[in-house]
Amino acid sequence: MPYRSFLNICLNLSNSDILTIYDGDEVVPHVLGQYFGNSSPQKLYSSTPDLTIQFHSDPAGLIFGKGQGFIMNYIVMYCTDPGEVEHSTRLISDPVLLVGTTIQYTCSPGFVLEGSSLLTCYSRETGTPIWTSRLPHCVSEESLACDNPGLPENGYQILYKRLYLPGESLTFMCYEGFELMGEVTIRCILGQPSHWSGPLPICKVAEAAAESSLEGGNMALAIFIPVLLISLLLGGAYIYVTRCRQYSSLRLPLMYSHPYSQITVETEFDNPIYETGVYGVVQSLDQVNFNV
150 MPYRSFLNIC
160 LNLSNSDILT
170 IYDGDEVVPH
180 VLGQYFGNSS
190 PQKLYSSTPD
200 LTIQFHSDPA
210 GLIFGKGQGF
220 IMNYIVMYCT
230 DPGEVEHSTR
240 LISDPVLLVG
250 TTIQYTCSPG
260 FVLEGSSLLT
270 CYSRETGTPI
280 WTSRLPHCVS
290 EESLACDNPG
300 LPENGYQILY
310 KRLYLPGESL
320 TFMCYEGFEL
330 MGEVTIRCIL
340 GQPSHWSGPL
350 PICKVAEAAA
360 ESSLEGGNMA
370 LAIFIPVLLI
380 SLLLGGAYIY
390 VTRCRQYSSL
400 RLPLMYSHPY
410 SQITVETEFD
420 NPIYETGVYG
430 VVQSLDQVNF
440 NV
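Set out below in structure tokens:
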């Protein structure tokens with residue numbers, strides 16, 4: 150960036166005197182200002198380090214002994230060096246630090262700038278020029294960062310990190326079936342200490358999901374009750390049949406027929422052995438009775 154010149158002009162001219170100030174020394178330079186007589190103070194800035202000044206004196210001054218030309222007094226207007234900033238680098242537009250000079254400060258990695266990063270030298274109406282702001286500072290990120298606020302229940306974060314620098318944001322999302330209550334995105338705000346722009350959001354069960362869950366529960370209940378009743382009936386029937394079988398097993402010999410057939414009166418026997426034996430017994434009995 151080329152050096153610039155700053156002029157704070159105070160004039161004491163006659164009414165016929167003309168003072169013209171040009172920007173640069175070109176053949177056809179740009180006119181910065183033209184003044185007549187006792188003009189009020191003026192401030193001019195040039196675009197280059199060079200200026201061209203042209204003065205036309207009143208011709209009548211030569212007749213009355215006043216044509217003595219003019220005298221220019223000037224002082225250099227610059228700012229004092231504001232100094233270095235720890236853990237930073239700086240870029241200076243003009244090493245002389247003239248009015249209009251800028252200094253850009255940049256912090257080293259791992260540090261954050263507190264204050265204005267750009268300082269400009271400017272002129273005051275009274276006194277020497279000064280810088281537009283105080284010297285900044287570079288502080289460590291951890292001392293200014295916001296801690297991760299944590300995860301909402303049934304939710305998660307986008308781009309999870311342990312620390313967030315001032316100005317960085319954090320976005321939350323909820324799992325399917327839940328809706329987010331609160332701010333979707335919160336921002337780390339610079340402070341002592343730094344803090345989040347809002348509280349941790351909440352993931353609440355979505356109304357549609359709740360109704361669906363209720364309907365599903367009612368349907369399950371409608372299916373479960375008939376199944377339970379049928380199970381109870383079948384269980385009771387099984388117990389009843391089992392007890393009946395136990396009771397009938399005690400009377401099992403009486404319920405079944407003998408392994409042989411009963412002999413009726415009309416039954417005809419053809420067994421000679423059986424008939425002879427019976428007859429003999431009867432005959433013997435008759436003899437006994439007779440002897441008695």
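For the sequence shown, the residue numbers in the numbering used here are 150 to 441.
For glycine and all other residues, C-beta sits at the position ideal for the given N, C-alpha and C.
- Straight-line Cα distance separating isoleucine 252 from glycine 299: 40 Å
- Message: Judging by CA-CA distance, which residue of Thr255, Leu349, Val245 and Arg392 is the nearest neighbour of glycine 304?
- Response: Leu349
- Task: Can you give me the Cβ contacts of glycine 232 inside the same chain, cut-off strictly under 8 Å, excluding the 5 residues immediately before and after it?
- Result: Same-chain partners within the cutoff: Leu284.
- Starting from the C-beta of leucine 312, find all residues in its chain whose C-beta is less than 6 Å away, skip the five residues before and the five after it, and write them out in chain order. Ala294
- Message: Which of the three DSSP states is assigned to leucine 349 in this structure?
- Response: Residue state, collapsed to three classes: coil.
- Message: Given a cut-off of 7 Å on the beta-carbon distance, is the pair leucine 246 and tyrosine 227 in contact?
- Response: yes
- Pairwise C-alpha distance: cysteine 337 and leucine 314: 7 Å
- Message: Taking the alpha helix (DSSP H) that serine 292 belongs to, which residues open and close that run?
- Response: 290-293
- Looking at the structure shown, is arginine 311 part of a helix, part of a strand, or coil, going by DSSP? coil
- Item | Short Cβ contact (7 Å threshold) for serine 265 with histidine 236 | no
- Task: Spell out the partners DSSP gives aspartate 172 in its beta bridges.
- Result: His179 and Leu200
- Query: Can you tell me the Cα-Cα spacing of cysteine 323 and lysine 353, whole angstroms?
  - Reply: 8 Å
- Query: DSSP beta-bridge partners for glutamine 306?
  - Reply: Phe321
- Query: Taking Cβ positions, are proline 278 and valine 248 nearer each other than 7 Å?
  - Reply: yes
- Query: Looking only at C-alpha atoms, which of Thr281, Leu262 and Gln306 sits nearest to aspartate 230?
  - Reply: Residue Thr281 is the option with its Cα nearest to aspartate 230.
- Item | CB-CB length for serine 289 against glycine 259, believed under 8 Å | 6 Å
- Query: How about isoleucine 158 and glutamine 203: are their beta carbons less than 7 Å apart?
  - Reply: no
- Name, in chain order, the residues that DSSP records as bridge partners for methionine 330. Ile351
- Task: Could you tell me which residues DSSP pairs with cysteine 393 in its beta bridges?
- Result: Answer by DSSP bridge pairing: none, since cysteine 393 is not bridged.
- Task: Indicate whether valine 180 and tyrosine 171 have their beta-carbon atoms separated by less than 7 Å.
- Result: yes
- Task: Please report how far the alpha carbon of isoleucine 167 lies from the alpha carbon of glutamate 263, in whole angstroms.
- Result: Looking at the two C-alpha atoms, the distance is approximately 50 Å.
- Query: Between which two residues does the beta strand (DSSP E) carrying arginine 257 extend?
  - Reply: According to the sequence shown, residue 257 is serine rather than arginine. Counting along the chain, serine 257 falls outside any beta strand (DSSP E), and DSSP gives it neither H nor E.
- Item | Beta-carbon separation (whole angstroms), threonine 255 vs serine 242, contact threshold 8 Å | Contact flag wrong, Cβ pair sits at about 14 Å.
- Task: Sort out for me which residues DSSP pairs valine 248 with in a bridge.
- Result: Answer is none; valine 248 lacks a bridge partner.
- Output yes or no for whether 7 Å exceeds the beta carbon distance between valine 183 and threonine 197. In the sequence as presented, valine is not what sits at residue 183; that position holds glutamine. Against a cut-off of 7 Å, the Cβ pair of threonine 197 and glutamine 183 comes out as no contact.
- Query: In terms of residues, what are the limits of the beta strand (DSSP E) holding leucine 193?
  - Reply: First-last of the beta strand (DSSP E) with leucine 193: 191-194.
- Message: Using DSSP's beta-bridge definition, name the partner residues of tyrosine 227.
- Response: Leu247
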